[in-house]
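Chains as they are written, first to last, in the numbering used here: chain U, 239 to 1073; chain W, 179 to 458.
Positions of the beta carbon are idealized from the N, C-alpha and C atoms, including for glycine.
Inspection log for the structure reproduced underneath, given as structure tokens.
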Amino acid sequence: MNRTRVRLQINQHTIEAEEGMTVLECARKNGIFIPSLCELEGLPAFAGCRLCLVEIKGRPFWSPACQSLVEEGMVVTTSTEDLEQLRRSIFELILSEHPYFCLMCSEKANCEELKAAMARALEPGGCIFCPKDGNCELQRVAEYLKIGKVDYEFEDKGLPLWQKDPFISHNPNLCILCGRCVRVCAEIRTESVLSFVHRGLKTTISTFFDRTLLEAGCSFCGACVDVCPTASFFEKGIIPSRGKNLSQRKFICPLCGCGCELEAEILKDGTIRRIHPASDTKPSFMSGCARGRFGLRELLADFKETPNPEIKHGETREEVSQAEAIESMVRTLRKYDPEEVVFVFTEQHHIENLLAFLALGQDFRVKNLYWFYPGEFLRKIGQFEEENRVRFKRKINPAFFSEVRSFLVIDSDLKCEALTFWMEVNRALRKGARLIVLDSGLNRIEQTAAVRLKCRPGREYLSLTALLKILIDRDTSLSFIPGFDFIVEKLNRVSCDHLAQASGLDVDDLKRAAEVLIENQPVALIFAERFLRQDVWKSNLQAAWNLALKLEAEIFPVSSRINEIIIDRLQSLYPVQVLSDLTGFEQKIREKKIRAACVLGEVPFSVRPEFLVIQNIFKTKSGAEADIFLPEAGCLQGSGHLVNVEGRMISGSQQERVKEDSNSAFPVFHEPDSKLRIKLEVPAIDSLGKLISADDDKASNFGRLQYLPVDEESKQFSDADQAGKKPSANEFIVIINQNLDTYGGMILSEKVPGFKRFQNPDWVWLNPEDTARLGLKNNDKVQIESESGRFSGKVREDYGVTPGTAVIKPVLSSTFLLGLYQKGIFKGWLRAENE
Amino acid sequence: MNRIRLSARLAPNTFWVEVEAHEIAASARPGQFVMVIPDKKGERIPLNIAHWDKNKGTIEMVFMSLGVSTRKLAAFKAGDFLEGVAGPLGRPAEMANFGQVLLIGGCYGVAGLYPVVRGLKENGNQVIFLAEARSRTYLYWDDRIRKVTDKFITMFRADCFSSGKDLSDIILGLRQESPQLARVIVMGCSYLLFTVSEITRSTGLKTLVNLNPIMVDGTGMCGACRVTVHGKTHFACVDGPEFDGHGVDWKEYFSRRKAFFNQEELALANFESKASDLKE
């Protein structure tokens, strides 16, 4: 979109700017410095610090540059003696509540010697104690204003520090109340955890009722730490950077489909000092979450060394070279019939590794090449497409969102499962788009929604059909799209009330949602894998499809795992099958039909074949028990590629390759004198890249335009089930949310203490009404009994859960949990563990 | 186990604890210190005894939170228990009637010198106390000390920025004002000890500094606290902590203090990650 350009004068220079820009943005873009502490690119302006006041000709008062939009013919002066004097006075007032001795201490240079003798003060009050020394925005402003003294007595607020939370600490006594954290938390991250509290001199940043961040529902994205100009919000557990020889390495976070670009600061000895979102393409506070920045840091800190290759000899294990391990693997695998060998891989690997692994499998003529894909999200969509001759988008182009006026998000907690994606949705919401959330379980984006549709679990398709009926009833115009008459006829036979009741929703809510969708078009319909992890997934997809067709909406299936969307492209290169249910697989192992397996990543087998090779980033328990263990390059090593939810093939920095020989997938094969008689033909990474980029756009969004049959019957947990008998008090419908907190087979909550407190896979979320009814409280141990087994966990109260339902988020570490996960929702009976 | 009777924040990052320790309270003398182990897995750290009460059987310490152990100590509340306190250790400050004495305290040293002031007064000395702090906010116990000194002066860094005066101007000014000044005793951060020693060196004024090297056992066994004074090796724990500031090998002293710096930083980082449920 071309914006009108305006011409203005700043400090007597004529400058051209785009309409809608602020004076501050325009000045900065043209290399003119205006001091500011509360303004930050990407954040809504606040005009709180008043340091950016400028003189604008014709205006009676000084104006804050961060909030003054450029105008044609505007004449701006950014620095006069009066202005600088005013700025100095303002800055001195700011400093009267922030320890400022580091800004002007004459001894600073002298005590350099001492700097390396203090760890870090609990409450920084001078340069040698402050972890932000050298990187503090106050220091920059002080330098500009040449502040040599402060005329006001420094006043310590003496407020208690926030130390109880994982990952983030806050010292309110260092806070200058710039409000960046409040704005980033509310406007960008939609958390609204932080806010200004009290008034006047007593103003501070706090949470609702001064609760801890954990209690206030913080998602620990770390954006407050990124934006804080002082050390007030600070990352726990990091070493000050002062005087350290640091190297930076950019990499892509492999923990979810977003593929955020992160940057690790690494000390000379290899310790990861901190991980933070890289800020090349967008402001750092726009990406990254607790998993990548805090979880990975602590996880990788525990495993600083790359594990060595190992071969098992009977009961003992021997550390060998990569070449020896591979040689032994190849020799042993050759003993088996290719039919008896399987190659299984998971998704969190560099594409290069995946391709090399598959090429190796093909070289062995292995027919059983499996992608361990318990969610089966895209496989199911593919199946549905084939059966109905329709077509869904795979790659998500967030740029499209700026035009969307309303979003209907179904069964997907975008904040948790596809954060970057959510930020883009939220950007559109800030510009006035509306959000409708249809979800039966726990969803953290609900608080932002214009209409919340909390349907009964497994009745999503009924809710969508009810919406469709309301839309059709309101708009009686004919449609020539095939199948429409059939649908109208069928829907005429059911009442809206009936559908609403069956889906557990209020008719008025549905009508309000329909209203929003009609009035705010174009519509985007978004769903993620939980929507399809139900027995009724086909009905769900049909209903979503029909609704989208009626609304002429775009459908976005959001895949939440990295590399997930390349599955069909890999299938076009290799005969890759999807492995989701392990029972059949394990049966084959028992029957000796499968005798050898090569696994890339971690797969929770309960039976192991005769010969097992595992290649993984960490030597997990299964790796340590394998016949051969091969180390793999982690996200911080090498410079491999990953494919994110947008279908972009992305890579971290290309600059450094760590331990090149031991970490790239199977380099030994390429050695000319290799005795292994294997010549791997790994397709060039570019060819896959081309495959990925070629596809999607040629496929129309809709394939064949047709309405699909509608389901208006209640299927799963049907009403007939419960007719006549009241469910027992401890009967719950349990919904299983996705858990993405694992990397290379390591479970974050087991290795990172903070994660256990923040996102524990043992938690059973219940509505406080239910806990009160059952006499339970937070952290009580409970068991959920189901037909297939027992799940033990701890109670976690949350009003976001509908009474009568429970939500769990287990890590898929066993076949039992895998089974539960694939069911999506199941009926269970809750008991306190001591009963 | 020693029960904590009082735990308070005196100034930013400066904390005050009162601990039950009958035997120590019964035998403590000015200038001595104790070794404290905060919890079962804690390390031993030396803290100056800032005050004691024989009748109540309590001792008081003032410290700054700069590492893992002091972070743990700062989190204790009244009623909690320290794993252990050993002492009194170190040689008491030399006591006699010297005439006029200048005491310079900074950070924790303001409290650490409090018993020394009282001791010197009891011996008939005229005591001038110079308290160094970043600003008024960082000064504590001034009311307590004022009562027992003849002259109480403050030097706030914040004032220095506008007046342009520094420590040397003040000390040399005092020296001129009071020619009968017999000695200077300094307690505080290493930088203060060093700076004062350098300022007084040319005047020939006897300057005693309370050194604070890394100390492990505090009883002369480990040798971690060795310092070189006038070319001779001393253990700060049994031969000090008070030494002639003009004889200290400062270069060695500073470098020895840094010996475990990387480990200390790492320990603090790990502590923060692992023990995120610290009491506030």
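Nearest-angstrom Cβ-Cβ length linking residue i and residue j, presumed shorter than 8 Å
i	j	result
I272/U	T316/U	5 Å
N854/U	G1062/U	Rounded, the Cβ-Cβ distance is 28 Å, inconsistent with contact.
F334/W	Y286/W	About 17 Å separates the two Cβ atoms, so there is no contact after all.
T1117/U	P842/U	Residue 1117/U is absent from the structure shown; chain U starts at 239 and stops at 1073.
I476/U	R511/U	6 Å
G386/U	F339/W	6 Å
V246/W	L386/W	Wrong, their Cβ atoms sit about 30 Å apart, outside the cutoff.
Same chain, Cβ closer than 7 Å to residue i, five either side skipped, listed in chain order
i	result
Q377/U	L341
V407/W	F421, D422, G425, V426
N882/U	G495, C496, G497, I800, I888
W660/U	L652, K653, I683
N1016/U	V1033, R1034, E1035
Q1085/U	Residue 1085/U lies beyond the range of chain U shown here (239 to 1073); nothing can be said about it.
Classification of residue i by the beta-carbon crowding that lies within 10 angstroms, buried from 16 upward
i	result
P190/W	buried
T658/U	buried
G1010/U	The residue asked about is misnamed: residue 1010/U is Ala in this sequence, not Gly. By the 10 Å Cβ count, A1010/U comes out exposed.
K633/U	buried
G382/W	exposed
V845/U	exposed
Y1037/U	exposed
S931/U	exposed
N483/U	exposed
G692/U	It should be pointed out that residue 692/U corresponds to Lys in this sequence rather than to Gly. Result: buried.
R241/U	exposed
P478/U	buried
A961/U	Unreliable placement is indicated for A961/U, whose pLDDT of 48 sits below 50; the coordinate value is still reported in the next sentence. Exposed is the call here.
Simplified DSSP state of residue i, which is helix, strand or coil
i	result
H200/W	helix
Y338/U	coil
E590/U	helix
E256/U	strand
N606/U	strand
D540/U	helix
R1034/U	strand
H736/U	helix
G696/U	coil
E792/U	strand
Q685/U	helix
Beta-carbon contacts of residue i that lie in its chain and below 6 Å, excluding the five residues immediately before and after
i	result
K542/U	G508
A303/U	V261, L262, I272, C290, V292
G460/U	R531
R427/U	C459, A461
Cut-off 8 Å between Cβ atoms - residues of its own chain near residue i, not counting five sequence neighbours on either side
i	result
I589/U	N801, I804, G878, H879, L880, V881, M887, I923, L926
P720/U	L943, Q944, Y945
K391/U	The residue asked about is misnamed: residue 391/U is Glu in this sequence, not Lys. Closer than 8 Å at Cβ, skipping near neighbours: S334.
E310/U	V244, R245, L246
Residue-chain proximity (residue i, chain C), Cβ-Cβ < 8 Å
i	result
E450/W	Absence of chain C from the displayed structure is noted, the protein chains being U and W.
Task: the segment 179-210 of chain W: positions lying closer than 8 Å to chain U by Cβ - done: R187, A189, P190, N191
Open item on the list: Tell me which residues of the segment 338-356 of chain W have at least one Cβ-Cβ distance to chain U shorter than 8 Å, keeping chain order.
Closed with: C338, F339, S340, D344
Task: Within 9 Å of chain W by C-beta, residues of the segment 310-340 of chain U in sequence order - done: P337, Y338, F339
Open item on the list: Please list, in chain order, the residues of the segment 384-397 of chain U that have any C-beta partner in chain W closer than 8 Å.
Closed with: G386, K387, V388, D389, E391, F392, E393, D394, G396
TODO: Using a Cβ-Cβ cut-off of less than 9 Å, list which residues of the segment 310-333 of chain W approach chain U; keep chain order.
DONE: R312, S313, R314, T315, Y316
Open item on the list: Using a Cβ-Cβ cutoff of 9 Å, what residues of the segment 587-618 of chain U are near chain W? List them in chain order.
Closed with: none
Task: the segment 236-254 of chain W: positions lying closer than 9 Å to chain U by Cβ - done: M242, S243, L244, G245, V246, T248, R249, A252, A253
Open item on the list: Short of 9 Å Cβ to Cβ, which residues in the segment 406-433 of chain U face chain W?
Closed with: S407, N411
- [ ] Residues of the segment 219-231 of chain W with a CB closer than 9 Å to any CB of chain U: list them in chain order, please.
- [x] none
Task: Within 7 Å of chain U by C-beta, residues of the segment 420-437 of chain W in sequence order - done: F432, R435, K436
TODO: Pull out every residue of the segment 441-474 of chain U whose Cβ sits closer than 8 Å to any Cβ of chain W, in chain order.
DONE: K474
- [ ] May I ask you to list, following chain order, the residues of the segment 474-497 of chain U that have a beta carbon less than 8 Å from some beta carbon of chain W?
- [x] K474, G475, I476, I477, P478
Open item on the list: Output needed in chain order: residues of the segment 989-1011 of chain U with a Cβ under 9 Å from some Cβ in chain W.
Closed with: V990, P991, G992, R995
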